[in-house]
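Sequences listed follow chains V, C, B and U, in order. Heads up, the first sequence is in UniProt numbering, so the first residue is 1 and it goes up one at a time. Heads up, the second sequence is in UniProt numbering, so the first residue is 1 and it goes up one at a time. Heads up, the third sequence is in UniProt numbering, so the first residue is 1 and it goes up one at a time. Heads up, the fourth sequence is in UniProt numbering, so the first residue is 1 and it goes up one at a time.
Number of protein chains: 4
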Amino acid sequence: MQSHTPAGRAGRPRSAAADAAILAATREALVELGWSKLTLGDVATRAGVAKTTVYRRWTGKSELVTDALATLFDQLVLPDRGSLRADVEGVVLQFADLLEQPATKTALMAVVAEATHDEALRQRLREKIVARQKRLVVEGRRRAQSRGEIPADVTDPGPQIDLIFDVIAGAVVHRTLVSCEPVDADWASRFTAVLLDGLAAAGG
Amino acid sequence: MQSHTPAGRAGRPRSAAADAAILAATREALVELGWSKLTLGDVATRAGVAKTTVYRRWTGKSELVTDALATLFDQLVLPDRGSLRADVEGVVLQFADLLEQPATKTALMAVVAEATHDEALRQRLREKIVARQKRLVVEGRRRAQSRGEIPADVTDPGPQIDLIFDVIAGAVVHRTLVSCEPVDADWASRFTAVLLDGLAAAGG
Amino acid sequence: MQSHTPAGRAGRPRSAAADAAILAATREALVELGWSKLTLGDVATRAGVAKTTVYRRWTGKSELVTDALATLFDQLVLPDRGSLRADVEGVVLQFADLLEQPATKTALMAVVAEATHDEALRQRLREKIVARQKRLVVEGRRRAQSRGEIPADVTDPGPQIDLIFDVIAGAVVHRTLVSCEPVDADWASRFTAVLLDGLAAAGG
Amino acid sequence: MQSHTPAGRAGRPRSAAADAAILAATREALVELGWSKLTLGDVATRAGVAKTTVYRRWTGKSELVTDALATLFDQLVLPDRGSLRADVEGVVLQFADLLEQPATKTALMAVVAEATHDEALRQRLREKIVARQKRLVVEGRRRAQSRGEIPADVTDPGPQIDLIFDVIAGAVVHRTLVSCEPVDADWASRFTAVLLDGLAAAGG
DNA sequence: CTTTAAGCGAGACGGTACGTCTAGTCTTGTT
DNA sequence: AACAAGACTAGACGTACCGTCTCGCTTAAAG
Numbered sequence: 001m002q003s004h005t006p007a008g009r010a011g012r013p014r015s016a017a018a019d020a021a022i023l024a025a026t027r028e029a030l031v032e033l034g035w036s037k038l039t040l041g042d043v044a045t046r047a048g049v050a051k052t053t054v055y056r057r058w059t060g061k062s063e064l065v066t067d068a069l070a071t072l073f074d075q076l077v078l079p080d081r082g083s084l085r086a087d088v089e090g091v092v093l094q095f096a097d098l099l100e101q102p103a104t105k106t107a108l109m110a111v112v113a114e115a116t117h118d119e120a121l122r123q124r125l126r127e128k129i130v131a132r133q134k135r136l137v138v139e140g141r142r143r144a145q146s147r148g149e150i151p152a153d154v155t156d157p158g159p160q161i162d163l164i165f166d167v168i169a170g171a172v173v174h175r176t177l178v179s180c181e182p183v184d185a186d187w188a189s190r191f192t193a194v195l196l197d198g199l200a201a202a203g204g
Numbered sequence: 001m002q003s004h005t006p007a008g009r010a011g012r013p014r015s016a017a018a019d020a021a022i023l024a025a026t027r028e029a030l031v032e033l034g035w036s037k038l039t040l041g042d043v044a045t046r047a048g049v050a051k052t053t054v055y056r057r058w059t060g061k062s063e064l065v066t067d068a069l070a071t072l073f074d075q076l077v078l079p080d081r082g083s084l085r086a087d088v089e090g091v092v093l094q095f096a097d098l099l100e101q102p103a104t105k106t107a108l109m110a111v112v113a114e115a116t117h118d119e120a121l122r123q124r125l126r127e128k129i130v131a132r133q134k135r136l137v138v139e140g141r142r143r144a145q146s147r148g149e150i151p152a153d154v155t156d157p158g159p160q161i162d163l164i165f166d167v168i169a170g171a172v173v174h175r176t177l178v179s180c181e182p183v184d185a186d187w188a189s190r191f192t193a194v195l196l197d198g199l200a201a202a203g204g
Numbered sequence: 001m002q003s004h005t006p007a008g009r010a011g012r013p014r015s016a017a018a019d020a021a022i023l024a025a026t027r028e029a030l031v032e033l034g035w036s037k038l039t040l041g042d043v044a045t046r047a048g049v050a051k052t053t054v055y056r057r058w059t060g061k062s063e064l065v066t067d068a069l070a071t072l073f074d075q076l077v078l079p080d081r082g083s084l085r086a087d088v089e090g091v092v093l094q095f096a097d098l099l100e101q102p103a104t105k106t107a108l109m110a111v112v113a114e115a116t117h118d119e120a121l122r123q124r125l126r127e128k129i130v131a132r133q134k135r136l137v138v139e140g141r142r143r144a145q146s147r148g149e150i151p152a153d154v155t156d157p158g159p160q161i162d163l164i165f166d167v168i169a170g171a172v173v174h175r176t177l178v179s180c181e182p183v184d185a186d187w188a189s190r191f192t193a194v195l196l197d198g199l200a201a202a203g204g
Numbered sequence: 001m002q003s004h005t006p007a008g009r010a011g012r013p014r015s016a017a018a019d020a021a022i023l024a025a026t027r028e029a030l031v032e033l034g035w036s037k038l039t040l041g042d043v044a045t046r047a048g049v050a051k052t053t054v055y056r057r058w059t060g061k062s063e064l065v066t067d068a069l070a071t072l073f074d075q076l077v078l079p080d081r082g083s084l085r086a087d088v089e090g091v092v093l094q095f096a097d098l099l100e101q102p103a104t105k106t107a108l109m110a111v112v113a114e115a116t117h118d119e120a121l122r123q124r125l126r127e128k129i130v131a132r133q134k135r136l137v138v139e140g141r142r143r144a145q146s147r148g149e150i151p152a153d154v155t156d157p158g159p160q161i162d163l164i165f166d167v168i169a170g171a172v173v174h175r176t177l178v179s180c181e182p183v184d185a186d187w188a189s190r191f192t193a194v195l196l197d198g199l200a201a202a203g204g
């Protein structure tokens, strides 16, 4: 999303409603058309906005879709389910739910693909998507420490936090989008067991 | 790749060299341009071939890139490193190496993205890419059983084999392409420890 | 008009019918819309042809309109009316008729205007439009000489031929498009008298 | 040009300087860009003025350019050269000089072209441009009458005045802009001879 | 000396057309 | 037949201008 009414106040201010309409139209178009057939002209039409208005606010398809995707990742929260094991299973199931939504699955991989050869997009992706997910892992670990389930680290973030994040996010994405198998309660339970037991044994 | 000189024998046979030239040109173009800016016309020009020749053999960009990608995954092998732990670390590092190659990283995510809304492509992806990776996991498990490191299952494939595959492939892909961190010997060692210890504790 | 089936013969040749359809559509659009609102996209649609086909054959609006205009100037002929005076009056009236046609009046001045800062267009204009008009003046003079109405020059073209052409064409265009007065039989007669008497007295 | 500080008196009056700046910027832009690439936004920028200020004063490109053109035609005067023949040659040379200026040649034909399908513009053109030229012809004729070179008409304006004007203006414009030949002293002399001798013989 | 109505610079807006590019097909003549 | 070449239809691309509008500020005549 862009900064509205920046520093100076000269000229007509940008319509705040347009941003929301464009992002909503983008999500809608993603579901119907997928990444490669989504066009900014079509998004503009759906949003009831001129094509130029879209181009004035976003520099291209990748940036727009990244921001539309970010609004979906805002749904992620971490309800306290009472134990570390339950919290991890909750996060796994919740992330899997998000990936089952057509707009998410279509867009996420496409944006990652574009980001492989676009540093600016990689930056945007990290700030708006990855950070939102990582927050959950960090929060879950903090809770487990306050419950006494795992020792409080001297160093924070702990040494394994990145590994944990890549394993959780990677495994869920891979099962959902590549293996195309459902992430159900059973899988979540088996996965959580391997992860937590492995971390415990490895001293993480 | 397509079947050359199929059943019928009338007319000029398809040039076998053209296939190789087109796939090589596709890999080259992927590195230079990325998925979204790669065009079949450009591939044809690079391959020194008419556009019609490309379209006669592949139905579209996704299929062509999938096949070009498959030639890269053919590099994957599983040298016997003497122990299960070493074999897993070897597979992790080898897969990471493959993903560091520009053509691979660019193409893999893009093909997965397209596959989310294209069943035929999903099928092709599983046959030509995923199967090649999974083979390594299955082979590694068989070796560990013959070494006596893990018990021989009654059921084959074992119950956790899919989970193991998703965890390994998912974590490596995520760390490489999303977190953009290197998969080095240290990370591979830590990851393998968590995975194997977790599986042992969970009874996998 | 472009050269079709140039030197080389590889590839599909350009459709000759398309040229005619595009030029006809251009004339039609000129009448309805005028120069400034005529768009090449609209011309393509009217001609039942893709926009790229137009751009492949003409480099821009000016060139296309010039060629469309040229087809109108092809109408000009010089019927033998028996005397120099009658021939001049005939040419004046015929040229005026041509300028009364909506497509002509709209396009001619616009092309001249563009040509003032485009040497290539100026060249094209001279070859395709001006030459067609000048031919009539030269032919009329040749006829008058064969009738013995004016002496046969030693030098050919005669010294005044350019002046005569500019006076005839200029006066008719100016009266029609700037003064917006009709060029009727009376005006043609008065104009012809002044021109021929003036030339006779001045020794042209 | 528009009326400043009109009848009503409330509110901030229009800046007189802006008019001059805009017209100057228009002439400048005409020279650099020509008619078809001249944009009002660019004119506004050159004039150091907001686009709205231009649109508040002129209804469109045609009107603005017509007015800018009119300021150039204000240069035309008719110094008394002592005889009808010398006066006509003077007018011809002076008009040709004006047409050699880049801004004039570019704009005049373009405005005439637009005027062919815009009655209001045709009116403006006649008032601001054509009238300025015609004045010279009328004045020259009046002078010749007072010198006794031609008889004073009972009717005024005389019957041939329009024809004379179209012949002079048309021939000079055509030679300059279509034939792209210079109007030098020799051509002016030959042209004047034909015109005046023709008029004398024809009884004009 | 305050209204108050218009002018002003800035710039976003809904549109339209631009000229280019790509997809995928079709039409040549050649191999 | 398959091939190289390249024209073809269809339509998206991102840019530039159009002419309008919405702002907040300035300017001077009217009250």
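From the three backbone atoms N, C-alpha and C, an ideal C-beta is built for every residue, glycine too.
**Study point:** Interface residues of chain V facing C:D105 [CB-CB closer than 8 Å]
**Key:** At residue 105 of chain C the sequence reads Lys, which differs from the Asp that was named. The contacting residues are T116.
**Study point:** Endpoints, the alpha helix (DSSP H) within which V:W58 is located
**Key:** Premise fails: V:W58 is in no alpha helix (DSSP H) and is neither H nor E.
Exercise for review: Please name the residue in B:Q133, B:A96, B:P13 and B:T116 whose C-alpha comes closest to that of B:S62.
Suggested key: B:T116
Review point. Which same chain residues, not among the five before or five after B:K51, have their C-beta less than 6 Å away from its C-beta?
Key: G41 and A44
Exercise for review: My understanding is that B:E114 touches B:L121, with C-beta atoms under 8 Å, so please give their C-beta distance in whole angstroms.
Suggested key: 6 Å
Exercise for review: Check whether the Cβ atoms of C:A70 and C:K128 lie closer than 8 Å to each other.
Suggested key: yes
**Study point:** U:H4 - DSSP class collapsed to helix/strand/coil
**Key:** With a pLDDT of 40 at U:H4, under the threshold of 50, the modelled position of that residue is not reliable, and the figure given next carries that caveat. Coil at U:H4, not helix or strand.
Exercise for review: State yes or no: is the beta carbon of V:V137 nearer than 8 Å to at least one beta carbon in chain C?
Suggested key: no
Check your understanding: Between which two residues does the alpha helix (DSSP H) harbouring U:S189 extend?
Key -> A185 to A202
**Study point:** Whole-number beta carbon distance between V:T39 and V:L72, since they are thought to touch under 8 Å
**Key:** Contact doesn't hold; Cβ gap of about 20 Å is too wide.
Practice item. Pull up the distance between the alpha-carbon of V:D186 and that of C:L163, whole angstroms please. Key: 11 Å
Check your understanding: Which residue from C:S15, C:R46 and C:S83 puts its Cα closest to that of C:L30?
Key -> C:R46
**Study point:** U:E89 beta carbon less than 8 Å from that of U:S15
**Key:** no
Exercise for review: Can you pull the chain B residues whose beta carbon is under 9 Å from the beta carbon of U:E181, in chain order?
Suggested key: D162 and D166
Review point. Taking the alpha helix (DSSP H) that B:G170 falls in, what are its first and last residues?
Key: I161 to V173
Review point. Taking the alpha-carbon positions, what's the B:F191 to B:A96 distance?
Key: 13 Å
Exercise for review: Starting from the C-beta of C:L99, find all residues in its chain whose C-beta is less than 6 Å away, skip the five residues before and the five after it, and write them out in chain order.
Suggested key: K105 and T176
Review point. In chain order, what residues of the region 35-57 of chain V put their CB closer than 7 Å to some CB of chain C?
Key: W35 and S36
Exercise for review: Within 10 angstroms of the Cβ of U:A68, are there 16 or more other Cβ atoms? Answer buried if so, exposed if not.
Suggested key: buried
Review point. Counting contacts by CB-CB distance shorter than 8 Å, is C:F191 in contact with chain V?
Key: yes
Practice item. Answer with buried or exposed for U:G34, where buried requires no fewer than 16 other C-beta atoms within 10 angstroms of its C-beta. Key: buried
Point to revise | Beta carbon proximity, C:L195 to chain V, threshold 8 Å | key: yes
**Study point:** Residue from V:S179, V:V167, V:V178 and V:C180 with nearest C-alpha to C:H174
**Key:** V:V167
**Study point:** Inter-residue spacing [alpha-carbon to alpha-carbon] between C:L64 and C:V194
**Key:** 38 Å
Practice item. In the DSSP assignment, find the unbroken alpha helix (DSSP H) run with U:Q101 in it and report its ends. Key: It is not in any alpha helix (DSSP H) - U:Q101 carries neither H nor E in the DSSP assignment.
Review point. Smallest Cα separation from residue 212 of chain V: which of C:T53, C:C180 and C:R85?
Key: In this structure chain V extends from 1 to 204, so residue 212 of chain V is not present and cannot be described.
Review point. Using a beta-carbon distance below 8 Å, is C:V178 in contact with chain V?
Key: yes
Check your understanding: With distances taken from CA atoms, which of U:V112, U:P157, U:G148 and U:A144 is nearest U:G170?
Key -> U:V112
Review point. Span of the alpha helix (DSSP H) holding C:R142?
Key: A131 to R147
Point to revise | Whether V:G198 touches C:D197 by CB criterion (8 Å) | key: yes
**Study point:** Close Cβ partners of V:P151 (< 8 Å) along its chain, the five nearest in sequence each way excluded
**Key:** Q145
Check your understanding: Cα separation between B:V178 and V:T53?
Key -> 43 Å
Check your understanding: CB-CB under 7 Å to U:T26, same chain, minus the five flanking residues each way: which ones, in chain order?
Key -> V43, L64, V65 and A68
Exercise for review: Measuring alpha carbon to alpha carbon, tell me which of V:F165, V:T59 and V:I22 ends up nearest V:V138.
Suggested key: V:F165
Practice item. Compile a chain-ordered list of the residues in the region 75-94 of chain U whose CB is closer than 9 Å to at least one CB of chain B. Key: none
Exercise for review: Could you tell me whether the Cβ of U:R141 comes closer than 8 Å to any Cβ of chain B?
Suggested key: no
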